[in-house]
Amino acid sequence: MSPNEILKGVRVLAFTTGYAGPYAGRLLASYGAEVIKIESKKGGLDTFRHYGQHKDIDAAPRFIECNLGVRSMAINLKHPTGGRLIRELAGKSDAVLQNFRPRVLDKLGLGDDDLRKANPKLVVVKLPGFGSEGPKSSYGTWGFNLTAFSGMTYLWNHPEQDRPIGSQGVYPDHLGFVMGPTLLVAALLNSRRTGKGVTIDLAQIEGTAAVLGTTYLETSVNGDDPQPKGNHYAAAAPHGCYRCQGEDRWCVISARDEEEWSAFCRVIGRADLVSDARFVNLQARLSHRAELDGIVQQWTEARPAEEVMNQLQTAGVPAGVVQTGADLLQDAQLRHRNYFSPFADSLIGPFEIPRSGFLFRGMNEEPLRLPNRLGADNDPILS
Amino acid sequence: MTDTAQPIALLAGYRVLDLSSSMGAFCGKLLRDLGMDVIKVEPPGGDAMRAEPPFARGHAHREGSLRFAYLNAGKRSITLNIAKPSGRNMLLDLVERVDVVVEDFAPGHLAGSELDYETLIERKKDLILVSVSGFGQDGPYAQYKTPDIVGNAMGGLLYISGDPTMTPCNPPETQSYYYTSLFASYGVVLALWQRETRGIGAWIDASIQASMALHEHVAFNYSAEGRVMKRAGSQHQHNAPANLFQCKNGWIALFVTQTHWPLLLKLWGDHDPALDDPKWINSNLRRQHADYINAQVTSFTSRFLKEDLAEMMQKNGIPGLPVNSPSDFMKDPHIQARGFFSAVNHPVLGTFQQPGNCFMVNGSRTGASPAPLLGQHNQQVFCGELGLGEKELALLAAEKVI
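Chains as they are written, first to last, in this note's numbering: chain A, 1 to 383; chain B, 1001 to 1402.
See the structure below:
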């Protein structure tokens, strides 16, 4: 059996757009759920269909990436017949996944209670930016500005900079698209047992805050105002990101205890440092961090990042190449895990794509599937 | 806003034995948040995470690690030396009574203690074992050590993080551990579904590198388009204004699409008339001239307080949000109204605000619980569930088995 069939027989209606909602659907589809994405040609297309420089709305790379394996229906939700079709489909489905703004579906007569009339066991999972309720629930959000709101942007910086940096990326979406399917399957397990469906409200801002819990405790327990730490860590030295041979090549290194520290010294041919008063224990190394980092970088700069990592890890010292997208595609470990699912051909040509953060040992993964073209499943599903 | 009814615990009745330390702790926490009973198994001297900073009031103390306090909230704690034969036997007795085991030892370590998957399923045939590790249970890097910064580096997130003129910058806390734990918990509910529908167990092999390597399209962009993503500070690759902008008292995060651009110009009454040229509707063109656009927008944003500007923009349909400090976030009226934080009372840490569940079920949220003290539930579990007597417990303690 394949893990790609675990959710076989589970049908999910997906009202999703952008990154988090669609990718959540993809992660359900890749484990076997029948995910039916519902869009409307009348102003209700997934925004990622328009992302980039292409003309064919099925050929946007970002859309394909986030919607692998989903079926597609084009239904005008504002038309009475469209609404009726959705209510009928809900009767034949197990779950609804949606990341529209709060109350958009309710106003169309497709709220949770409307849909549950046809199916009391229906699970509904919502991924609104600020949640379904609360004074700012109508706010427009993106992964980028949610990162800022949570405090993460402020903290994601080197120490003592004159402006925040954070990330160009959308970490909250990444959190939401794994939490969403997790909650959806948990809710299915619950409704299987109780016979009653539940509605899950996962505010993406709170999903983001869930990975800053320690930071908030520094504020609430200690009254501190935590500041950016960059690559520093109070319990390891050296600990950081060091320049290596070549353009923009780096390796991270961390020595968390005396054993790792002395192994590091041996590898770089500086056994003398172990007894050097400046570096004799963690406290000493932390107080001479600038000198220490200088010594580390002097050694790394003269070597390729891969060599730095392999030499250190072989000696039991944590180290890792700061890998680029090109490095990932060639990574021996990821290849060993059969991590990339290949597509020999598609509307955007051939490509390979990451599958998932975990695998089921002893089970063989099937290739992932492309999304169906817009509306391709209208007839098969409705007839 | 919330129902008065007791919040629904989705997976009440399922039980977890959490052998993990730093890497997998957040997986156990998420399973607890889903309503499972999570028993954390610590060595008699305490989980190594109890020695991880930051600490309450700055003092290293085994009950004072704030990291431990958050990531183990609501779990029960027992102590057990699984390297000793009697400890190992007690662990196997417990394995029979649970649904899920979470572990994050170095790959092969459990096998070395004769507690490998095959041995565990002899005692519980449909057990779900979840292994969290840096690179997976086998393969060329399986034995490579993985502090968080190594996970972010090898997974590709670090390379694109930070200002392009500076060293790549690691995100706060241990995001690679958390993110992998999230994936691991998705694996658990999938495996539970498989068990309920097909009656079989599973061994889930979660990898930190693999979890991080699907971030931000880094691998996909290279594979599909041959494009290597690079550090770009806070500037979005394809859009402008999509960055952080200076306000009077801090910064605001803006991401202005083609839809929002005309709304921004309308709100910003005295903008340079040159910006009214319809060509600027195009996000790609604005991105090509990001320096010009960003300087113009800053001349507007710098007149306001960040909170006021965000509110004014949102009222006008533009999705701006302030760059908050953690304490700004905790004080925000929306977050407070939703009851995200709740008061927790801990015998050593005192009373403080801690995040509860990050989701609501039928409009209700399960609030925060305190982390357990070391071995707090020894008696409850060993006597109450394994049927040991007080004398046996004392003997086990004297022999340092518990």
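Here a beta-carbon is modelled for each residue, glycine too, at the ideal position from N, C-alpha and C.
Alpha carbon of residue i to alpha carbon of residue j, nearest angstrom
| i | j | result |
| --- | --- | --- |
| residue 255/A | residue 1298/B | 42 Å |
| residue 1215/B | residue 1175/B | 12 Å |
| residue 1107/B | residue 1137/B | 5 Å |
| residue 1068/B | residue 1050/B | 6 Å |
| residue 1019/B | residue 1143/B | 19 Å |
| residue 341/A | residue 1192/B | 25 Å |
| residue 1025/B | residue 1181/B | 7 Å |
| residue 1017/B | residue 1042/B | 11 Å |
| residue 1115/B | residue 260/A | 27 Å |
| residue 1264/B | residue 97/A | 32 Å |
| residue 348/A | residue 1046/B | 53 Å |
| residue 1064/B | residue 1348/B | 7 Å |
| residue 1199/B | residue 1125/B | 9 Å |
| residue 292/A | residue 245/A | 19 Å |
| residue 1109/B | residue 322/A | 27 Å |
| residue 277/A | residue 269/A | 18 Å |
| residue 1392/B | residue 1009/B | 35 Å |
| residue 318/A | residue 380/A | 53 Å |
| residue 190/A | residue 200/A | 12 Å |
| residue 1003/B | residue 365/A | Caution is warranted here: a pLDDT of 46 is assigned to residue 1003/B, below 50, making its placement in the model unreliable, and the coordinate value is therefore given only provisionally. Each residue's Cα considered, the two are about 43 Å apart. |
| residue 3/A | residue 28/A | 11 Å |
Sequence-distant residues of the same chain with beta carbon closer than 6 Å to residue i, five excluded per side
| i | result |
| --- | --- |
| residue 1023/B | 1104, 1132, 1177 |
| residue 273/A | 265, 279 |
| residue 176/A | 20, 127, 204, 207 |
| residue 1014/B | 1036, 1099 |
Three-state secondary structure (DSSP) of residue i
| i | result |
| --- | --- |
| residue 1276/B | helix |
| residue 277/A | helix |
| residue 22/A | helix |
| residue 152/A | helix |
| residue 1234/B | coil |
| residue 1001/B | Because the pLDDT at residue 1001/B is just 43, under 50, the model does not fix this residue reliably, and the value given afterwards should be weighed accordingly. If DSSP states are grouped into helix, strand and coil, residue 1001/B belongs with coil. |
| residue 242/A | strand |
| residue 201/A | strand |
| residue 1402/B | coil |
| residue 1192/B | helix |
| residue 1203/B | strand |
| residue 174/A | helix |
Pick from the options that is closest to residue i, judged by C-alpha positions
| i | options | result |
| --- | --- | --- |
| residue 1072/B | 1373/B, 1392/B, 1391/B, 1382/B | 1373/B |
| residue 211/A | 1008/B, 1139/B, 1201/B, 1027/B | 1027/B |
| residue 394/A | 106/A, 114/A, 65/A, 66/A | No answer is possible for residue 394/A: it lies beyond the span of chain A, which begins at 1 and ends at 383. |
| residue 1033/B | 1361/B, 1287/B, 1098/B | 1361/B |
| residue 315/A | 339/A, 283/A, 263/A | 263/A |
| residue 208/A | 25/A, 149/A, 325/A | 149/A |
| residue 7/A | 186/A, 48/A, 45/A, 67/A | 186/A |
| residue 257/A | 1168/B, 1250/B, 1145/B | 1145/B |
| residue 1342/B | 1370/B, 1319/B, 1317/B, 1266/B | 1370/B |
| residue 343/A | 104/A, 13/A, 218/A, 371/A | 371/A |
| residue 1294/B | 1307/B, 1279/B, 1275/B | 1275/B |
| residue 296/A | 337/A, 45/A, 237/A, 105/A | 237/A |
| residue 1211/B | 1335/B, 1240/B, 1179/B | 1179/B |
Test item: CB-CB of residue i and residue j under 8 Å
| i | j | result |
| --- | --- | --- |
| residue 320/A | residue 1150/B | yes |
| residue 152/A | residue 139/A | no |
| residue 1129/B | residue 31/A | no |
| residue 1213/B | residue 334/A | yes |
| residue 1201/B | residue 1127/B | yes |
| residue 100/A | residue 15/A | yes |
| residue 324/A | residue 1228/B | yes |
| residue 62/A | residue 52/A | yes |
| residue 1134/B | residue 1209/B | yes |
| residue 1076/B | residue 1102/B | no |
8 Å Cβ shell around residue i - same chain, five flanking residues per side excluded
| i | result |
| --- | --- |
| residue 40/A | 74, 75, 76, 77, 78, 82 |
| residue 120/A | 195, 196, 197 |
| residue 188/A | 10, 94, 95, 123 |
| residue 1318/B | 1254, 1256, 1260, 1263, 1264, 1267 |
| residue 1001/B | Because residue 1001/B carries a pLDDT of 43, less than 50, the predicted location of this residue cannot be relied on, and the following value inherits that uncertainty. These residues qualify, in order along the chain: 1337, 1338, 1339, 1363. |
Contact set for residue i: own chain, Cβ-Cβ below 7 Å, skip 5 residues either direction
| i | result |
| --- | --- |
| residue 1113/B | 1082, 1083, 1088 |
| residue 109/A | 83 |
| residue 1187/B | 1130, 1204, 1206 |
| residue 327/A | 321 |
Chain-ordered neighbours of residue i on chain D, where CB pairs are closer than 7 Å
| i | result |
| --- | --- |
| residue 6/A | The structure shown contains no chain D; its protein chains are A and B. |
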